[in-house]
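Below: one structure, written as structure tokens.
In our numbering, the protein residues as written are 152 to 442.
In structure tokens:
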């Protein structure tokens, strides 16, 4: 039996600014699929290795690679020997990590499923990478799809009285909503030796926060690498006491095993897992984004 490794797949709703966004997005994907170039994204070199449309354009499947040119390299080690060799690369070579993804137009908003791969092309790099093929303009955004539990908590409350988000201080200057960066507008976290930064939104007496805004903030928070805590303060009935609900896992994710052959998980195997994950979460996606 082949060895297997679990692969996690994360889901994002695609937001594309401009006129006729669906047609423009198809055009962008066609350009990216024909391209044979590389772009520096978040300090590393990234490229689209493969991108093609299926099901008459309703589904696009792709593979992206991130080449690490900086940082320490692992050693080549042999069992039974105490010595290890240093991996030797030329200046234009480095460790490469590939990420499979699939983008579906079967929902109210296009949905992209991305293989979670440490060292690969994460969503925050894939969006600007694909955006390079949009007439040189930005405007492509991936919003994290929330899992059913997170949405159900918000939907079931009579009033959403407050929202608290805690992030690691190192991530505090990144935006988690349309407001100013957490803590960054007041003082840099490192200047006061903070380990975490916490921000709270609170409704007025007897009022509720806007649910659409809360869901948008949760979607953004779900993408934070340094996210430590998310807490919702709410009332389930008119005269009930306020309750604090901690939401630990916000984003919609599905995990499936993939076969390892010759110490490699092929693109064919990885994209099969991504497509299968799409099928598994289809009811959740149809509920949130009905066609």
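By construction, the Cβ of each residue, glycine as well, lies at the ideal position given by its N, Cα and C atoms.
What span of residues does the alpha helix (DSSP H) with residue 160 cover, start to end?
Along the chain shown, one-based indexing puts residue 160 at 9. Careful: residue 160 lies outside any alpha helix (DSSP H), inside the beta strand (DSSP E) at 154-167.
Look at the Cβ atom of residue 165, then the Cβ atom of residue 277, and state whether they are nearer than 8 Å.
Position 14 of the chain shown holds residue 165. Position 126 of the chain shown holds residue 277. Not a contact, by the Cβ cut-off of 8 Å.
If distances are taken between C-alpha atoms only, which option among 390, 351 and 316 comes closest to residue 373?
Here the question's residue 373 lines up with position 222 in the chain shown. When only C-alpha atoms are compared, the closest one is 316.
At the level of alpha carbons, what is the spacing between residue 435 and residue 420?
On the chain shown, residue 435 is found 284 positions in, with the first residue counted as 1. On the chain shown, residue 420 is found 269 positions in, with the first residue counted as 1. Approximately 24 Å between the Cα atoms of the pair.
Just list the residues that DSSP pairs residue 219 with in beta bridges.
Sequence index remark: in the chain shown, residue 219 carries index 68 (1-based). Answer is 246.
Should residue 189 and residue 198 be called a contact, given that it needs their Cβ atoms to be closer than 8 Å?
The sequence position of residue 189 within the chain shown is 38, counting from 1. The sequence position of residue 198 within the chain shown is 47, counting from 1. Yes, the Cβ-Cβ distance between residue 189 and residue 198 is below 8 Å.
Ordered along the chain, which non-local residues of its own chain (more than five positions away) have a Cβ less than 6 Å from that of residue 256?
Along the chain shown, one-based indexing puts residue 256 at 105. Only 209 meet the Cβ criterion.
Decide if residue 194 is buried, meaning its Cβ has at least 16 other Cβ atoms within 10 Å, or exposed.
Counting from one through the chain shown, the residue named residue 194 turns up at place 43. With fewer than 16 Cβ atoms within 10 Å of its Cβ, residue 194 is classed as exposed.
Leaving out the 5 sequence neighbours to the left and right, which residues in its chain are closer than 8 Å to residue 237 when beta-carbon positions are compared?
As a first step, residue 237 is located in the chain shown; it is residue number 86 there, counting from the start. For residue 237, where only same-chain residues beyond five positions count, the Cβ hits under 8 Å are 224, 226 and 227.
For residue 228, report the span of its beta strand (DSSP E) as first-last.
Within the chain shown, numbered from 1, the residue matching residue 228 stands at position 77. Where residue 228 is concerned, the enclosing beta strand (DSSP E) stretches over 226-228.
The alpha helix (DSSP H) spanning residue 363 covers which residue range?
As a working note, residue 363 is residue 212 in the chain shown. Element bounds for residue 363: 362-372.
Using 10 angstroms around the beta-carbon of residue 320, count the other beta-carbons present and answer buried if the total reaches 16, otherwise exposed.
Residue 320 sits at position 169 when you count from the first residue of the chain shown. So residue 320 counts as buried.
So residue 406 and residue 157 are supposed to be a Cβ contact under 8 Å. How far apart are they, rounded?
Your numbering for residue 406 matches position 255 in the chain shown. Your numbering for residue 157 matches position 6 in the chain shown. Sure, about 5 Å apart at Cβ, within 8 Å.
Figure out for me which residue from 184, 230 and 232 has the closest Cα to the Cα of residue 211.
Here residue 211 refers to the residue found at position 60 of the chain shown. Nearest C-alpha to residue 211: 184.
Residues bridged to residue 302 by DSSP?
Residue mapping note: residue 302 aligns to position 151 of the chain shown, counting from 1. None, per the DSSP bridge assignment.
Can you give me the C-alpha to C-alpha distance between residue 171 and residue 204, rounded to a whole angstrom?
Locating residue 171 in the chain shown gives position 20, counting from the first residue. Locating residue 204 in the chain shown gives position 53, counting from the first residue. Near 19 Å, if we compare the C-alpha coordinates of residue 204 and residue 171.
Which residue wins for smallest C-alpha separation from residue 369, given the options 409, 410 and 313?
Here residue 369 is taken as the residue at index 218 of the chain shown, counted from 1. Out of 409, 410 and 313, 313 has the C-alpha closest to the C-alpha of residue 369.
Kindly indicate which three-state DSSP category residue 349 falls into: helix, strand or coil?
Your numbering for residue 349 matches position 198 in the chain shown. In this structure, residue 349 counts as strand in the three-state DSSP scheme.
Which residues does DSSP pair with residue 266 in a beta bridge?
Residue numbering aside, residue 266 sits at position 115 when the chain shown is read from its first letter. Its beta-bridge partners are 160.
Please list the terminal residues of the continuous beta strand (DSSP E) segment that includes residue 441.
Reading the chain shown from its first residue, position 290 is the one you call residue 441. Per DSSP, residue 441 belongs to no beta strand (DSSP E) and is neither H nor E.
So what does DSSP say about residue 252, is it helix, strand or coil?
Against the chain shown, residue 252 aligns to sequence position 101. In the structure shown, residue 252 sits in a strand (DSSP, three-state: E or B).
From residue 366 to residue 413, what does the alpha carbon distance come to, in whole angstroms?
Counting from 1 along the chain shown, the entry for residue 366 is found at position 215. Counting from 1 along the chain shown, the entry for residue 413 is found at position 262. Whole-angstrom Cα-Cα distance: 43 Å.
Where residue 318 and residue 200 are concerned, what is the direct C-alpha to C-alpha distance, given to the nearest angstrom?
Stepping through the chain shown from its first residue, residue 318 is reached at position 167. Stepping through the chain shown from its first residue, residue 200 is reached at position 49. Cα to Cα, the separation comes out at about 34 Å.
In chain order, what residues of the same chain have a beta carbon less than 7 Å from the beta carbon of residue 251, not counting five sequence neighbours either side?
Locating residue 251 in the chain shown gives position 100, counting from the first residue. For residue 251, where only same-chain residues beyond five positions count, the Cβ hits under 7 Å are 214, 266, 418, 421, 422 and 425.
Buried or exposed: residue 343, going by 16 or more other Cβ atoms within 10 Å of its Cβ?
Here the question's residue 343 lines up with position 192 in the chain shown. It is exposed - the Cβ of residue 343 has fewer than 16 other Cβ atoms within 10 Å.
Under 8 Å by Cβ, that's how I've got residue 153 and residue 416 pegged, so tell me the actual separation to the nearest angstrom.
The count along the chain shown starts at 1 and reaches residue 153 at position 2. The count along the chain shown starts at 1 and reaches residue 416 at position 265. Contact doesn't hold; Cβ gap of about 10 Å is too wide.
Looking at the structure shown, is residue 343 part of a helix, part of a strand, or coil, going by DSSP?
The residue labelled residue 343 in the question sits at position 192 within the chain shown. DSSP places residue 343 in coil when its eight states are reduced to three.
Would you report the Cα separation of residue 192 and residue 281, rounded to the nearest angstrom?
Translated into the one-based positions of the chain shown, residue 192 becomes position 41. Translated into the one-based positions of the chain shown, residue 281 becomes position 130. Roughly 11 Å between the two C-alpha positions.
Fully enclosed by the region 392-435, which beta strand (DSSP E) runs are 3 residues long or longer?
Fully enclosed beta strand (DSSP E) runs of 3 or longer: 394-397 and 404-411.
What's the call for residue 231, buried or exposed, on a 16-neighbour Cβ count within 10 Å?
Numbered from 1 along the chain shown, position 80 holds the residue referred to as residue 231. The residue in question, residue 231, is exposed, as its Cβ has fewer than 16 Cβ neighbours within 10 Å.
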